[in-house]
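Peer 1:
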Amino acid sequence: MRKLLLTVKKFIKNLFADTDQKENTKENFLSFKTDGILARTIISSSAQYSDVEDIVYSSNRKNKPKLAERIPLSQKEIYKVCIWQLYGGDKHFKALIEKSPKVVGVYKDTLEESAAEAEILLLTSGGDNFSVNNLLEVLDMSNKYVVIVSTFKEETLKNRIMYRVDHCINTYKIYTQEAFDKFIDTIIELAAKPDV
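Right, here's the structure in full:
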């Protein structure tokens, strides 16, 4: 079984190999440009590999785009928030936002429109394939505070999310109204300060 797992890992690593090589040898015959999509698809079909080793994203880490600098949020009474696929249900978090005195939800026709208008983004990682990257790729993040709400470890999130992440928190830590409101107070305070 261990030999099979090592073979699978080697196969996946080869999917990320440098495609500038023209030589078609036994070692690089699987080296074609996929940007990791094929490997992520294979891995996401079995969540047990997501934290075993960072095999899917280790080769792409060096190719992270330049992280967008953040402009501190202006002080105001109410901030616009966009949520996306939060574990435990967007419906639950929409109710928390509605009862919170300092934030208002933004709900447009598309996720991209909602995120573009919001100042604070409360997003999930997008599961084992970290599809949050697809959203962050198309946004101007300079005037946004990006929070990833997930059950993944913070180190894993920051390694696999290709764009700027300002804060990470476990979903269960903000599930009650009291905890959510305290969390929002903290986020607003952090978002108003310049990055160090």
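Numbering-wise (full-length UniProt numbering), the sequence shown opens with residue 1 and increments by one. The C-beta atom is built at its ideal place from N, Cα and C for all residues, glycine as well.
Considering Cα atoms alone, identify which of M162, K144 and I169 is closest to D195.
Peer 2: Stepping through the sequence shown from its first residue, residue 195 is reached at position 195. Among M162, K144 and I169, the Cα nearest to that of D195 belongs to K144.
Peer 1: For T176, count neighbouring C-beta atoms within 10 Å of its own C-beta (all shown protein chains included) and say buried if the count is 16 or more, exposed if not.
Peer 2: As a position in the sequence shown, residue 176 is number 176, starting the count at 1. When all chains shown are included, T176 counts as exposed.
Peer 1: Based on the DSSP secondary-structure assignment, which residues constitute the bridge partners of Y79?
Peer 2: As a working note, residue 79 is residue 79 in the sequence shown. In the DSSP output, where bridge partners are listed per residue, Y79 has V103.
Peer 1: What is the C-beta distance between N170 and T186, in whole angstroms, given that I count them as a contact (C-beta under 8 Å)?
Peer 2: Numbered from 1 along the sequence shown, position 170 holds the residue referred to as residue 170. Numbered from 1 along the sequence shown, position 186 holds the residue referred to as residue 186. Rounded, the Cβ-Cβ distance is 14 Å, inconsistent with contact.
Peer 1: Leaving out five residues before and five after Q85 in sequence, what residues of the same chain have Cβ atoms less than 8 Å from its Cβ?
Peer 2: Taking the first residue of the sequence shown as position 1, residue 85 is located at position 85. Closer than 8 Å at the Cβ level, and outside the excluded window around Q85, lie L123, T124 and G126.
Peer 1: Tell me whether V103 is buried or exposed, calling it buried when 16 or more other Cβ atoms sit within 10 Å of its Cβ.
Peer 2: Numbered from 1 along the sequence shown, position 103 holds the residue referred to as residue 103. Answer is buried; the Cβ neighbour count reaches 16.
Peer 1: Below 8 Å on the Cβ atoms is my contact criterion, and I expect E112 with Y79 to pass it. Report the Cβ-Cβ distance as a whole number of Å.
Peer 2: The residue you call residue 112 lines up with position 112 of the sequence shown. The residue you call residue 79 lines up with position 79 of the sequence shown. About 19 Å separates the two Cβ atoms, so there is no contact after all.
Peer 1: Is the CB-CB distance between L136 and R164 below 9 Å?
Peer 2: Position 136 of the sequence shown, counting from 1, holds the residue named residue 136. Position 164 of the sequence shown, counting from 1, holds the residue named residue 164. Yes, they are a contact pair.
Peer 1: Please list, in chain order, all residues of the same chain as E23 whose beta carbon is under 7 Å from its beta carbon, the five residues on each side excluded.
Peer 2: The residue you call residue 23 lines up with position 23 of the sequence shown. Confidence in E23 is poor, its pLDDT being 46 and thus under 50, which makes the residue's placement unreliable; the coordinate value appears in the next sentence. Nothing listed; no residue qualifies.
Peer 1: Based on Cα-Cα distance, which residue from L157, T110 and D109 lies nearest to S131?
Peer 2: Here residue 131 refers to the residue found at position 131 when the sequence shown is read from its first residue. Considering only alpha carbons, the answer is L157.
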